[in-house]
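**Q** Sending over a structure as structure tokens; questions will come in a sec.
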Amino acid sequence: MITYSVKSKISQRGAVDMISFSTFVLIFTAALLLLFTQRANACTAITLNAEDGTAVQARTQEWGAFDLDSDLMVTPRGITIQSNTPDNKPGLKWKGKYGVLGINGIHMPIYIDGMNEKGLTVSVLYLPGMAEFEPYNPAHAHKSINPIDVPMWLLTNFATTDEVRTKLPSVRVVGVLQKELGGIAAPVHWLVTDKEGNTIVIEYTDKKMHIYDDPVGVLTNSPDFQWHLVNLRNYVGLQPQSRNPEKIGKLEVAPLGVGSGLIGLPGDFTPVSRFIRATALRNTVRPLHSGDDAVQEAFRILNSFDIPLGAVDSPAKDIIGSTQWTTATDTNALLYYYRTQYNHRIRIVDLNKIDFTKGNKIRTQPLDQQRKQDYQTVNIQ
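Taking the numbering used here, the leading residue of the sequence shown gets 1072, the next gets one more, and so forth.
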């Protein structure tokens, strides 16, 4: 636990002391918010591939710091979007080619998760203590972009991960301080999957851009992605098959039940443990015949990562669970699935039925029409 102490100074410079105290309060509040946001986020993302060629990307959105109050958000084709820079100059400006559906946070015109009409899907996950963006040069303001705007730029411009690989080096992703996060730049990284099932992880660490293939189809939080892949070596003995009986001296010892092959699978909610658990569950799934199979399996896997409020330290008083919402995208059929902390009924939005030519503004609607679980009454005949 971190403790702070303040010694008041009584002097004729009372106004200066008051300003200093106010400054301290702001810094202290920002520090607490940063501490809470680091401890309150625990997102887990996976990909699954079906035998019919469908690629699915799915994720949980854990955020225990405050109510994200997220909306469904539609961005039509052809609208002009401009990012900002650390010195408040106009940043990268572009006209979007593709329509996008996804989920925002705090009613801001940004995507925490989304899919465009070409099937490209982007999920934003936290990377606290590791994310470090490119240096900002005011002379390059016109090609500089705030990290929170990266998903919008990717989704409105590109159809494949190959296009993302080619075009991302042409912009500068620079840290812009966000008051909503206590005055820090959003420490994030991104999981990106296209319609063909190609998946990449984008990270900025050590002030450099890194684009990685994701051979295990999983992403969580800190440390960086390459560290997680190395850590998998500590768990190479995990397997779905139960262990065989072993002889200890003259005693034959057999497992007590099914599941013994995964003894040692970590069950806590740290990013390191969730990466291992998600990798094990994702990569031992049954054969998935269709996109619907893959979506339903994704939700079953992600059930293991729901965090009840109280299981992880959280300052929030206005939410009922740290897992605020969970999504899955069928990149082939262009179906966007989601459920929320208030209502676990899975809802579907069909991108094929959205008019992405309608209007020239981003439009939103609440995730939940009512923040309560709906139930189906079953009558016995």
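Glycine included, C-beta positions come from ideal geometry on N, C-alpha and C.
My guess is that Ile1378 and Ala1113 are in contact by the Cβ rule of under 8 Å, so how many angstroms apart are they, rounded?
**A** Here residue 1378 is taken as the residue at index 307 of the sequence shown, counted from 1. Here residue 1113 is taken as the residue at index 42 of the sequence shown, counted from 1. Right, their Cβ atoms sit about 6 Å apart.
**Q** Please tell me whether Leu1163 and Val1235 are closer than 7 Å, where the distance is taken between their beta carbons.
**A** Here the question's residue 1163 lines up with position 92 in the sequence shown. Here the question's residue 1235 lines up with position 164 in the sequence shown. The answer is no: Cβ separation not under 7 Å.
**Q** Please name the residue or residues paired with Tyr1409 in a DSSP beta bridge.
**A** For the purposes of this step, residue 1409 is taken as the residue at position 338 of the sequence shown. The partner list for Tyr1409 (beta bridge, DSSP) reads Thr1398, Arg1418.
**Q** Quick one: is Glu1122 buried, meaning 16 or more other Cβ sit within 10 Å of its Cβ, or exposed?
**A** For this step, residue 1122 is matched to residue 51 along the sequence shown. Glu1122 comes out exposed.
**Q** Among Arg1304, Ser1154, Arg1130, which one has its Cα closest to the Cα of Ile1183?
**A** For the purposes of this step, residue 1183 is identified with residue 112 of the sequence shown, where counting begins at 1. The shortest C-alpha separation from Ile1183 is found at Arg1130.
**Q** So, for Tyr1207: in the same chain, excluding its five sequence neighbours on each side, which residues have a beta-carbon less than 8 Å away from its beta-carbon?
**A** On the sequence shown, residue 1207 is found 136 positions in, with the first residue counted as 1. Cβ within range, chain order: Thr1156, Pro1157, Asp1158, Ser1215, Arg1243, Val1245, Gly1246.
**Q** I need the DSSP call for Ile1451, collapsed to helix, strand or coil.
**A** As a first step, residue 1451 must be located in the sequence shown, where it is residue number 380. Here Ile1451 sits in coil by DSSP.
**Q** Would the beta-carbon of Ala1382 fall within 7 Å of that of Gly1135?
**A** Residue mapping note: residue 1382 aligns to position 311 of the sequence shown, counting from 1. Residue mapping note: residue 1135 aligns to position 64 of the sequence shown, counting from 1. Cβ atoms of Ala1382 and Gly1135: not closer than 7 Å.
**Q** The beta strand (DSSP E) spanning Glu1368 covers which residue range?
**A** To locate residue 1368, count along the sequence shown from 1; it is residue 297. Glu1368 -> not in any beta strand (DSSP E); alpha helix (DSSP H) instead, spanning 1362 to 1373.
**Q** Short check: CB of Ala1116 to CB of Leu1303, under 7 Å?
**A** Position 45 of the sequence shown, counted from the first residue, corresponds to residue 1116. Position 232 of the sequence shown, counted from the first residue, corresponds to residue 1303. Not closer than 7 Å, so no.
**Q** Taking only the alpha-carbon atoms, compute the straight-line gap between Asp1364 and Leu1406 and give it to the nearest angstrom.
**A** Residue mapping note: residue 1364 aligns to position 293 of the sequence shown, counting from 1. Residue mapping note: residue 1406 aligns to position 335 of the sequence shown, counting from 1. About 13 Å.
**Q** So the alpha helix (DSSP H) Lys1168 belongs to, where does it begin and stop?
**A** Counting from one through the sequence shown, the residue named residue 1168 turns up at place 97. First-last for Lys1168: undefined, no H or E at that position.
**Q** Where does Met1223 fall in DSSP's three states?
**A** For the purposes of this step, residue 1223 is taken as residue 152 along the sequence shown, with counting starting at 1. It is helical.
**Q** Determine the DSSP secondary structure at Ile1433, reduced to helix, strand or coil.
**A** Counting from 1 along the sequence shown, the entry for residue 1433 is found at position 362. Of the three classes helix, strand and coil, the one that applies to Ile1433 here is coil, per DSSP.
**Q** Exposed or buried, Asn1431, counting other C-beta atoms within 10 Å across all chains shown (16 or more means buried)?
**A** Residue numbering aside, residue 1431 sits at position 360 when the sequence shown is read from its first letter. Exposed: under 16 other Cβ atoms inside 10 Å.
**Q** Mapping DSSP to helix, strand and coil, what is Lys1279?
**A** Walking along the sequence shown from the start, residue 1279 turns up at place 208. Lys1279: strand per DSSP, three-state reduction.
**Q** Opposite Tyr1197 in the DSSP bridges: which residues?
**A** Along the sequence shown, read from residue 1 onward, the residue named residue 1197 stands at position 126. DSSP lists Val1259 as partners of Tyr1197.
**Q** Among residues of its own chain, excluding the 5 on either side of Asn1269, which ones have a beta-carbon nearer than 6 Å to its beta-carbon?
**A** As a working mapping, residue 1269 is identified with position 198 in the sequence shown. Result list for Asn1269: Thr1232, in chain order.
**Q** Looking only at its own chain, which residues have a Cβ that is under 8 Å from the Cβ of Thr1394, when we skip the five neighbours before and after it?
**A** Along the sequence shown, one-based indexing puts residue 1394 at 323. Counting only Cβ-Cβ distances below 8 Å, and skipping sequence neighbours, we find Thr1131, Gln1132, Glu1133, Phe1376, Asp1377, Ile1378, Gln1412.
**Q** Can you tell me which of Leu1300, Pro1161, Asn1423, Gly1335 puts its alpha carbon nearest to the alpha carbon of Asn1403?
**A** In the sequence shown, counting from the first residue as 1, residue 1403 sits at position 332. Answer by Cα proximity: Asn1423.
**Q** Identify every run of the alpha helix (DSSP H) within the region 1293 to 1354, keeping only runs that are complete inside it and at least 4 residues long; order them along the chain.
**A** 1296 to 1302, 1342 to 1353
**Q** Counting only the same chain and skipping the five closest in sequence on each side, list residues whose C-beta sits under 6 Å from that of Gly1176.
**A** As a working mapping, residue 1176 is identified with position 105 in the sequence shown. Around Gly1176: Leu1139, Ser1141, Ile1183.
**Q** Look at the alpha carbon of Ala1349 and the alpha carbon of Gln1310, and state the distance between them as a whole number of angstroms.
**A** As a position in the sequence shown, residue 1349 is number 278, starting the count at 1. As a position in the sequence shown, residue 1310 is number 239, starting the count at 1. Their Cα atoms are separated by approximately 13 Å.
**Q** Should Pro1209 go down as buried or exposed, given a rule of 16 or more other Cβ atoms within 10 Å for buried?
**A** The residue given as residue 1209 occupies position 138 in the sequence shown. Flag for Pro1209 reads exposed.
**Q** Where do the N-terminal and C-terminal ends of the beta strand (DSSP E) with Asp1233 fall, by residue?
**A** Against the sequence shown, residue 1233 aligns to sequence position 162. It is not in any beta strand (DSSP E) - Asp1233 instead sits in the alpha helix (DSSP H) that spans 1232 to 1238.
**Q** Could you tell me how far apart the beta carbons of Leu1191 and Phe1229 are, in whole angstroms, since I believe they sit closer than 8 Å?
**A** Sequence index remark: in the sequence shown, residue 1191 carries index 120 (1-based). Sequence index remark: in the sequence shown, residue 1229 carries index 158 (1-based). With a Cβ gap of about 6 Å, Leu1191 and Phe1229 count as contacting.
**Q** Run the CB neighbour count on Ala1257, radius 10 Å, all protein chains shown included, and call it buried at 16 or more, exposed below.
**A** In the sequence shown, residue 1257 corresponds to position 186, counting from 1. Its Cβ being crowded by 16 or more others within 10 Å, Ala1257 is buried.
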